[in-house]
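Comments concern the structure below.
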Amino acid sequence: MSYDLAPTSVGLLIVIATITFYYIRSRTERIIGDAKEKYGPLTEPCSPGDYMWKLDTEYNKCMISAAILVRNGTLDDLNVATEKLIQDPWFRRFTDRLALFENLPFWVKDTDFKKENHVHRVLLDASQRPTNSAELKEWIGRSIVADLPIDRPLWKMVILENYEKCDDGSGDTMSCVLLMAHHILGDGVAFNNMMMTMLETESQVKGIKVEKPKQVTPTKPPAKARQTPAWLTWLFVALYTVPIMGKLIISKNDVNPFKTQNVSGRKVVGMLDTPIELSRLNAVRRKLGLSINDVFMGVISCALQRLFARIEPDNKVECIKTAMMVNMRSSPHAIKMENQFATPVFDMDVTNSDPLVACKQMAPVMEGIKTKPIAKVFFTNVALVANLFPYICNQTLLDYLASKSSCVLSNVPGPSERMYLNGKLVERLAAWSPQRKSCSFGMTMYTLGGK
3 MSYDLAPTSV GLLIVIATIT FYYIRSRTER IIGDAKEKYG PLTEPCSPGD
53 YMWKLDTEYN KCMISAAILV RNGTLDDLNV ATEKLIQDPW FRRFTDRLAL
103 FENLPFWVKD TDFKKENHVH RVLLDASQRP TNSAELKEWI GRSIVADLPI
153 DRPLWKMVIL ENYEKCDDGS GDTMSCVLLM AHHILGDGVA FNNMMMTMLE
203 TESQVKGIKV EKPKQVTPTK PPAKARQTPA WLTWLFVALY TVPIMGKLII
253 SKNDVNPFKT QNVSGRKVVG MLDTPIELSR LNAVRRKLGL SINDVFMGVI
303 SCALQRLFAR IEPDNKVECI KTAMMVNMRS SPHAIKMENQ FATPVFDMDV
353 TNSDPLVACK QMAPVMEGIK TKPIAKVFFT NVALVANLFP YICNQTLLDY
403 LASKSSCVLS NVPGPSERMY LNGKLVERLA AWSPQRKSCS FGMTMYTLGG
453 K
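For the sequence shown, the working numbering gives the first residue as 3, with consecutive numbering after it.
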C-alpha cells in the first residue's frame with residue numbers, strides 16, 4: 003500500500019512546491035510594482051547578497067572605512083571630488099536611501115538629499131585635534147565606529163584639514179579625508195573603484211597624453227579561450243562543499259591573543275607611516291619565485307609569530323584561521339556598487355620567525371585557493387543562504403563563519419601612477435574592513451602609485 007502512495011506523495015509535493023514558487027514570485031513582483039508606484043520608477047530591490055550585510059549591533063557597525071592623506075587638501079577639493087560621484091548614475095546608491103516596503107528592502111531616491119549632510123569639515127578643539135600620525139590613528143579609530151542615520155544614504159566623508167606639517171621642508175600640510183560607508187552599499191572592490199573615480203591620475207592632472215599601444219592586426223583569428231562549462235563548475239562546487247564547509251564546521255575555535263569574547267565597538271587602526279616601494283616587494287617575490295600574495299601572507303604569518311611570542315610567550319599558537327577577500331566578479335570592468343566577493347578560510351602557520359621560510363610555506367596554500375574552487379564554494383553557499391532563507395539565517399551564518407576566523411586579509415591593487423584629489427597629491431591611502439563576532443583583526447595591502 004505504501005509503495006502505491008509513494009508516486010502520489012512525490013507528485014503532491016511537486017505540485018505544492020510549484021504553487022508556492024509561483025505565489026512567492028507573483029507576490030514579489032506585485033510588491034516591486036507597488037514600491038515603484040510609491041517611490042518612483044527608479045526604485046529597485048536591494049539584493050539578498052547586499053542586504054545580508056546589514057549586521058549592525060549596538061557596539062559594532064558593519065562599515066567599510068578608508069583614509070586618504072592629501073597634501074594641502076581642503077573641503078573645496080573634497081566637494082569637487084564627491085560631486086563627480088553624485089552626478090554619476092553609476093554611483094546612484096550615494097543618493098539613494100534604504101527603505102523597507104512590505105518587509106522587503108528597496109533602494110529609493112532620497113528626495114531630501116543634501117551633500118552637506120554627508121560631506122563636511124571636522125572642527126575639533128585644540129586639545130582634541132591630532133597633531134601627528136599616532137594621534138591621527140586614534141582619532142580615526144574613534145570616528146569610524148559612529149553610526150550612520152538610516153533615513154539618508156549610508157555614507158559620509160569628512161576632512162580634517164592641515165593636521166600636520168610635512169617634514170620635507172616644503173611648507174605643505176597634510177589633510178586627512180575619512181570615508182565611512184555601510185557594507186550594504188558594496189564590498190571593498192566596489193569602494194576601491196569608487197575612490198579611484200574620485201581621484202585623478204598624474205597624467206590627467208599634468209595633461210599628459212598617454213598613448214595606447216597600437217594594436218597589431220593578427221594574421222590568424224585569435225584562439226578562443228576555453229571556458230569551463232557551467233554544469234561542470236556547479237558539479238565541482240557540489241563535490242567540494244561537504245569537505246570544505248564540513249572541515250570548517252567541525253574545526254575547533256582558534257585560541258590566540260586576537261580571539262576575544264566579542265568585538266565591543268572599540269577600533270584600533272594602523273597604517274604604515276612610510277609606504278613600502280612595490281619594486282622592493284617585486285624583487286623579493288621574483289628572487290623566491292613566488293607571487294605577491296605568497297609574500298604578503300608569509301610576511302604577515304612571520305610577524306604574527308613574533309607578536310604572539312612577545313605578548314603571550316606561554317601561548318604556543320601553531321596556526322590561525324584566516325579569511326581572505328576574493329573578488330568573484332566575472333569581469334574586472336564596469337564594477338558596480340554591490341557585494342560580489344567570497345572569504346575562503348584557510349589555516350595560516352604562525353610557527354616561523356624566518357620570513358623566507360614563512361613565505362615558501364604559504365605558497366602552496368595560496369596555490370590551492372587559486373586552483374581549487376574553494377572561493378566559489380564559500381561564495382555559492384553564502385549566496386544560497388541569502389536567497390533562500392530569512393535574514394536571521396544569513397546573520398547567523400556570517401556570525402558563525404566570523405567566529406571561526408581570527409583575521410581577515412585582503413590585497414587591493416591600485417593604479418601604478420600617483421593619484422591626486424582635485425589636483426592635490428595623495429600621499430597615502432589606507433582602508434579597514436568591518437570586524438565581526440570574535441574575529442577582531444584585519445589587514446589590507448593597498449598598492450597605489452608604485453607603493
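All residues carry an ideal CB built from backbone N, CA and C; glycine is no exception.
All values reported here derive from a predicted model rather than from experimental measurement.
- Contact check between the segment 290–308 and the segment 389–397: fewer than three CB pairs, one atom from each, fall below 8 Å, which does not count as touching.
- The distance from the Cβ of Met-159 to that of Val-179 is about 6 Å, consistent with a contact at the 8 Å cut-off.
- The DSSP-derived three-state label of Ile-278 is coil.
- Bridge pairing for Trp-157: Ala-183 [DSSP].
- Met-445 sits away from Glu-202, with the two beta carbons spaced by 8 Å or more.
- If the five residues before and after Cys-441 are omitted, its C-beta is found closer than 6 Å to the C-beta atoms of Ala-404, Ser-407, all from its own chain and listed in chain order.
- For Asn-413, the enclosing beta strand (DSSP E) covers residues 409–415.
- In the three-state reduction of the DSSP assignment, Asp-170 falls in the coil class, being assigned neither a helical nor a strand state.
- Here Ala-101 is not near Ala-432, since their CB atoms are 8 Å or more apart.
- From the listed residues Pro-346, Gln-363, Thr-353, the smallest Cα separation to Val-410 is found for Pro-346.
- In the structure shown, Ala-101 adopts extended strand secondary structure according to DSSP, grouped into three states.
- Residues Pro-375, Lys-378 of the same chain have their beta carbon placed closer than 8 Å to that of Phe-238, with the five preceding and five following residues left out of the count.
- Inter-residue distance for Lys-63 and Ile-16 is about 42 Å (C-alpha atoms, whole angstroms).
- In this model, Arg-32 and Lys-56 are separated by some 24 Å (Cα to Cα).
- Cβ-Cβ distances below 7 Å link Asp-153 to Arg-99 in the same chain, with the five nearest sequence neighbours on each side left out; the list follows chain order.
- Taking the C-beta atoms as reference points, Asp-174 is found no nearer than 8 Å to Arg-287.
- A direct Cα-Cα distance of roughly 20 Å separates Asp-79 from Ile-142.
- For Asp-296, the uninterrupted alpha helix (DSSP H) run begins and ends at 294–313, by DSSP.
- By the Cβ-count criterion, Phe-381 is buried, with 16 or more other Cβ atoms from all chains shown falling within 10 Å of its own Cβ.
- Around Val-12, the same chain offers no residue with a beta carbon nearer than 6 Å, after the five sequence neighbours per side are excluded.
- Going by C-alpha positions, Ile-161 is about 8 Å away from Gly-75.
- Between Asp-52 and Ile-186, the C-beta spacing is below 8 Å.
- Counting other Cβ atoms within 10 Å of its Cβ, Pro-107 reaches 16 or more and is therefore classed as buried.
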